[in-house]
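The structure appears below as structure tokens.
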Amino acid sequence: MNRKQRFELFVDYFDKHMPVAETELQYKNGFELLVAVILSAQCTDKRVNMVTPTLFSAFPNAKLMALSSPDEIFHYIRSISYPNNKSKHLHKMANMLIHDFDGKVPDSVDSLQLLPGVGRKTANVVASVLYDIPTMPVDTHVYRVSERIGLSKNAKNPLQTEKQLVKYFPKDKLNIAHHWLILHGRYVCLARKPKCQECGITDICDFFQKNR
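Residue numbers (the working numbering): 7 to 218.
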């Protein structure tokens, strides 16, 4: 099986078995999505969703968050990983949204990356989910799962993984493929003990074929 065929079979399987795949972060608008994605770095979506209702109640928009302080924001996100850094990032991000972007979440990956606390992965997620821009955000799940299956090969960092996946996935499937990989990694292809007995794509998986 060549690489192109592997991608085609991957898409065929998930098109049939997971035709709807979306972020599990809970949000009501672009500002809330941006905040939630920043908070989700090295933290579970489940934990973020536990914290954001009270956070968004206190700061429903960028202006109110900008008028607050990192210490005040910290109070709401203390149970999130790296709360000190993230509270500072959120405060600076909200100020930049107000002063440089008229309070609106930028609609390009490059502009999003200008915001404090927003790296390439976060920018790709927001661009994909909010503006339907075809991107491939690479988090730990995408990095691990794509390498195990054989969609990416010998990628030394997330950017190399991203470039390989963008090259082979059809452009109109990039956004949903990102969620397929994340959800597969979160619930089936687990980091320490993948549930191969529950997996429907073992016939195209390098890891399974080598270890069965």
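By construction, the Cβ of each residue, glycine as well, lies at the ideal position given by its N, Cα and C atoms.
On a predicted model such as this, the values are computed, not experimentally measured, just so you know.
| query | result |
| --- | --- |
| 8 Å contact criterion, which L96 and G123 should meet: CB distance rounded | 7 Å |
| Continuous alpha helix (DSSP H) stretch holding T29: start and end | No alpha helix (DSSP H) contains T29, which DSSP labels as neither H nor E. |
| Spatial distance of I86 from N8 (CA atoms) | 42 Å |
| 4 or more residues per run - each alpha helix (DSSP H) lying fully within the region 113-197 | 115-118, 126-137, 146-155, 164-174 and 180-193 |
| Beta carbon of I44 nearer than 8 Å to that of K110 | no |
| Inter-stretch contact at 8 Å, needing at least 3 Cβ pairs: the region 19-31 / the region 175-191 | yes |
| C-beta atoms of T60 and Y33 nearer than 8 Å | no |
| As assigned by DSSP and simplified to three states, the class of V111 | coil |
| G206, DSSP secondary structure in three states | coil |
| Buried or exposed (CB count within 10 angstroms, at least 16 for buried), M71 | buried |
| Cβ-Cβ distance between S134 and T141 below 8 Å | yes |
| Cβ distance (whole Å) where R150 is taken to contact G206 below 8 Å | Not a contact, Cβ separation roughly 18 Å. |
| Outcome for S46 when other beta-carbon atoms lying within 10 angstroms are tallied against a minimum of 16 | buried |
| D108 classed as buried or exposed, judged by whether at least 16 other C-beta atoms fall within 10 angstroms | exposed |
| Nearest residue (CA-CA) to K94, options I104, D77, R84 and E204 | D77 |
| For F5, the nearest candidate out of C49, L39, T50 and Q48 (CA to CA) | What is shown of the chain runs 7 to 218, which leaves residue 5 out entirely. |
| A47 - DSSP class collapsed to helix/strand/coil | coil |
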